[in-house]
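K.L.:
Structure provided below as structure tokens; questions to follow.
2 protein chains.
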Amino acid sequence: MSSISGMEDDEFSSFFESSPTLKNKEEILSKLNRFIELNSSRQGGKRIVCVTSGGTTVPLEQRCVRYIDNFSSGNRGAASTENFVNAGYAVIFLYRRGTCQPYCRSLPDDPFLECFEFPDAKNIRVHASHSEAVKMAVMDQQAAIAEGRLLKLPFSTIYEYLQMLRLIATALKDVGPCSMFYLAAAVSDFYVPWTSMTEHKIQSGSGPLDISLAQVPKMLSVLRSNWAPKAFCISFKLETDSKILIEKATKALQKYKVHAVVANELLTRKEEVVVVSNSGNVVVRRDCDNPESIVEDNLIHLLVDRHSTYIKESHT
Amino acid sequence: MSSISGMEDDEFSSFFESSPTLKNKEEILSKLNRFIELNSSRQGGKRIVCVTSGGTTVPLEQRCVRYIDNFSSGNRGAASTENFVNAGYAVIFLYRRGTCQPYCRSLPDDPFLECFEFPDAKNIRVHASHSEAVKMAVMDQQAAIAEGRLLKLPFSTIYEYLQMLRLIATALKDVGPCSMFYLAAAVSDFYVPWTSMTEHKIQSGSGPLDISLAQVPKMLSVLRSNWAPKAFCISFKLETDSKILIEKATKALQKYKVHAVVANELLTRKEEVVVVSNSGNVVVRRDCDNPESIVEDNLIHLLVDRHSTYIKESHT
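Here the protein sequences come in this chain order: A and B. For what it's worth, this note's numbering labels the leading residue of the first sequence as 885, then goes sequentially. For what it's worth, this note's numbering labels the leading residue of the second sequence as 885, then goes sequentially.
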């Protein structure tokens, strides 16, 4: 272990020690182990990807009324999950509660208002315009879960997210190069350390409020060096300023030694992304001539290919 | 107009002037006016309540990646809306996008996974255990909307919330004492003024972050004194510390001259609330001997009675 990763490990230990304990830790762990065991024992040994999705919250009070949040609909993670399942992967979907779910992208905002009708008190009918969307949300999603190809695990706070990610990474250690991390979640960079946090609701009425936030320890380094050093690892970089995007993605690639960074800009992220890696930058676009096409179709295709090469090279 | 409300009006004018403009303002206004017209022309003249629900977000960046949020599931507002509709009110439900919807309280967290099955590719079936919940979400909700008893208007930011509330209050002015505001939304006390906000994503990597937040101008005063002075007005006070709750609710009652303040504590808010008003404090509990009972059943019952008295007194 290098001295750098040792240092980051220490930083993490103190972060975790001061975090509120993860509820249902045993339950999560048992679901996780069952899922990994099932998929590792499949013929040929399954590839398993952990897709993280949605933003993490940072509580500002211990009995939390206020928190800082990161904007993320979870669309990227949900769509990518479907693509990974279609490509034969087993997916651990670590998602922010309330964000977009796999197979549910085509549902309207208010599905119970718009998708259904009751022609009489006994029978429910799906409106023709939404029948494909509902079928996908129910049939395809239930099938993926029933067949053990999809495990959904929800989080809300940065504390839950990092503790669950560590559990998953540790549980996937034996899967080695066949495991992958696809870290699409929008993780907070700043937080209020739990121990220095006020217990009760911050009172208004006494003028402006100044909040001082500490940096969240960089999880990527420790994930790469300690938690799951053999896994294929993809991180994301979102910026609103296109001028600094590629530069920041390239820096992240070098600093955290991930296998690729998916660079995306807030306004154009549904049209194109840039995959930044040591073999150069590749622009990935959605197929413009197919209105159903999404950028994740081509993105996951590219990453699955890269993962195949990585697995082959690891075995030689 | 007193000098105090004049002052607050100024504060509000500058808040609104520096806010990003409300999208779809014309569309919202036309929906609103149609809804109010329909209900005012019903026999006897309808009572109309504006129920606000969920938390407001406070963007930290103009192209918003990070924001401060207030914890609120929207359960209180959604359940209260159903009770108001049952009591014969027309309800304008001003809610935070993604929070709990009226008639949807009994649905599970992941309804498309848990409520339905497709026995074949053509027919959808509701699991018996969720049939009542789905029927309520679809039939009852659609009926309330189709009959013009429920209008749903979504918001996300504090800017949208306050601008929409002003639109609603102004549109309801002619309904006079028959209108009611039931302000259950968790509105931010602090915000970053739009004009002093950074355009792009705040960069991490340069040490801790200090945020300075200004106080949101108190909307309650101006709602009471200018926007809708004749409406019956109920505000909410949520605290995590029971010791200061009633004191703070009483202060709010006096300061904003609302007709009642519903005081609730974070941990016990589903079991009991205290209605604080000039006629004394009343503890309202849910019926413990009925597991289906919720605290909103008794709360709305009490407030509808109070509203009736208020209307009678206004006419004499």
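From the three backbone atoms N, C-alpha and C, an ideal C-beta is built for every residue, glycine too. As the structure is a computational prediction, the values presented were derived from the model and not from experiment.
Return the residue from the list B:T1124, B:E1149 and B:F1120 that minimises the CA-CA distance to B:K1135.
P.N.:
For the residues B:T1124, B:E1149 and B:F1120, the minimum Cα distance to B:K1135 belongs to B:F1120.
K.L.:
Count the other CB atoms within 10 Å of the CB of B:H1191; is the residue buried (16 or more) or exposed (fewer)?
P.N.:
So B:H1191 counts as buried.
K.L.:
When you check each C-beta in the stretch 1109-1126 of chain A against every C-beta of chain B, which residues fall closer than 8 Å?
P.N.:
Result list: L1122, E1123, T1124 and D1125.
K.L.:
For the beta strand (DSSP E) containing B:E1156, list its first residue and its last residue.
P.N.:
From DSSP, the beta strand (DSSP E) with B:E1156 extends over E1156 to S1161.
K.L.:
Going by C-alpha to C-alpha distance, which of A:P1101, A:I976, A:V1157 and A:V1160 sits closest to A:K915?
P.N.:
Checking every option, the nearest Cα to that of A:K915 belongs to A:I976.
K.L.:
The beta strand (DSSP E) spanning A:S937 covers which residue range?
P.N.:
First-last of the beta strand (DSSP E) with A:S937: I932 to S937.
K.L.:
Let me confirm a value: B:K1006 is counted as buried when at least 16 other C-beta atoms fall within 10 Å, else exposed. Which label applies?
P.N.:
Exposed, because fewer than 16 other Cβ atoms sit within 10 Å of the Cβ of B:K1006.
K.L.:
Whose C-beta lies closer than 8 Å to the C-beta of B:I1118 among residues of the same chain, with five residues either side of it excluded?
P.N.:
Result list for B:I1118: M1064, F1065, Y1066, L1067, V1142, H1143, A1144, V1145, V1146 and L1187, in chain order.
K.L.:
Within the same chain, show all residues whose beta-carbon is closer than 7 Å to that of B:I1184, passing over the 5 residues directly before and after it, in chain order.
P.N.:
These residues qualify, in order along the chain: S964, N967, F968 and A971.
K.L.:
Which one of A:D1181, A:S1015 and A:N1110 has the shortest CA to CA distance from A:S990?
P.N.:
Cα-wise, what sits closest to A:S990 is A:S1015.
K.L.:
Distance cutoff 8 Å, beta carbons only. Does A:D1004 sit that close to anything in chain B?
P.N.:
For A:D1004, the answer is no, since every Cβ of chain B falls outside 8 Å of its Cβ.
K.L.:
Short of 6 Å in beta carbon distance, which residues of its chain neighbour B:F1116, apart from the five on each side in sequence? Order them along the chain.
P.N.:
Around B:F1116: M1064, H1143, H1191 and Y1194.
K.L.:
Buried or exposed, going by whether 16 or more other CB atoms sit within 10 Å of the CB of B:T1200?
P.N.:
The residue is exposed, with fewer than 16 neighbouring Cβ atoms inside 10 Å.
K.L.:
Quick one: what does DSSP say B:Y973 is sitting in, helix, strand or coil?
P.N.:
In the structure shown, B:Y973 sits in coil (DSSP, three-state: anything other than H, G, I, E or B).
K.L.:
Can you tell me which of A:F919, A:I952 and A:G961 puts its alpha carbon nearest to the alpha carbon of A:D1181?
P.N.:
It is A:G961 whose Cα lies nearest to the Cα of A:D1181.
K.L.:
For the stretch 1135-1163 of chain B, list every residue whose C-beta sits within 7 Å of some C-beta in chain A, in sequence order.
P.N.:
Answer set for the stretch 1135-1163 of chain B: L1150.
K.L.:
To which residues of the same chain is B:L1046 closer than 7 Å at the C-beta, ignoring the five residues directly before and after it?
P.N.:
Only M1103 meet the Cβ criterion.
K.L.:
State yes or no: is the C-beta of A:I1130 within less than 8 Å of the C-beta of A:V1158?
P.N.:
Going by C-beta atoms, A:I1130 is nearer than 8 Å to A:V1158.
K.L.:
With a Cβ-Cβ cutoff of 8 Å, do A:E1149 and A:S1126 count as a contact?
P.N.:
Yes. Within cutoff.
K.L.:
Whose Cβ in chain B lies nearer than 9 Å to the Cβ of A:N954?
P.N.:
Going along chain B in sequence order, the residues near A:N954 (Cβ under 9 Å) are V949, R950 and Y951.
K.L.:
Candidates A:R1170, A:V933, A:E910 and A:F896: which alpha carbon is nearest A:L1035's?
P.N.:
It is A:V933.
K.L.:
Whole angstroms is fine: what's the gap from B:R950's alpha carbon to A:I952's?
P.N.:
Distance between the alpha carbons of B:R950 and A:I952: 7 Å.
K.L.:
Check this for me: beta carbons of A:T940 and A:I1042, under 8 Å apart or not?
P.N.:
Cβ distance < 8 Å, so A:T940 and A:I1042 count as in contact.
K.L.:
So if DSSP puts B:D953 in a beta bridge, which residue, or which two residues, is it bridged to?
P.N.:
A:Y951 and B:T941.
K.L.:
Classify A:K909: buried if its beta carbon has 16 or more other beta carbons within 10 angstroms, exposed otherwise.
P.N.:
Classification of A:K909: exposed, given that the 10 Å Cβ count is below 16.
K.L.:
Give a yes or no on whether the minimum CB-CB distance between B:D1094 and chain A is below 8 Å.
P.N.:
So yes, B:D1094 belongs to the interface.
K.L.:
Along the chain, where does the beta strand (DSSP E) that runs through A:K865 open and close?
P.N.:
Residue 865 of chain A lies beyond the range of chain A shown here (885 to 1200); nothing can be said about it.
K.L.:
What residue range is occupied by the uninterrupted alpha helix (DSSP H) comprising A:Y1066?
P.N.:
Looking at the DSSP string, A:Y1066 is not in any alpha helix (DSSP H); the run it does join, the beta strand (DSSP E), is S1063 to L1067.
K.L.:
Output yes if chain A places a C-beta closer than 8 Å to the C-beta of B:I888; else output no.
P.N.:
Caution is warranted here: a pLDDT of 43 is assigned to B:I888, below 50, making its placement in the model unreliable, and no coordinate value can be reported.
K.L.:
Just the C-alpha distance for B:L1056 and B:E921, rounded to the nearest angstrom, thanks.
P.N.:
Near 10 Å, if we compare the C-alpha coordinates of B:E921 and B:L1056.
K.L.:
Mind checking A:S1072: buried by the 16 CB within 10 Å criterion, or exposed?
P.N.:
Buried is the call here.
K.L.:
Would a check of beta-carbon distances place B:Q1026 closer than 8 Å to chain A?
P.N.:
True, the Cβ-Cβ gap to chain A drops below 8 Å.
K.L.:
Taking the alpha carbon of B:L1093 as the point to measure from, which residue in A:G1091, A:S1096 and A:P1092 has its own alpha carbon closest?
P.N.:
Nearest option by C-alpha distance: A:S1096.
K.L.:
Which of helix, strand or coil does DSSP assign to B:I1008?
P.N.:
Reduced to three states, the DSSP call for B:I1008 is coil.
K.L.:
If we call anything under 8 Å between Cβ atoms a contact, is B:G958 one with B:C984?
P.N.:
Contact flag set, yes.
K.L.:
Excluding five sequence neighbours on each side, which residues of the same chain lie with their C-beta closer than 7 Å to the C-beta of B:E1044?
P.N.:
L906.
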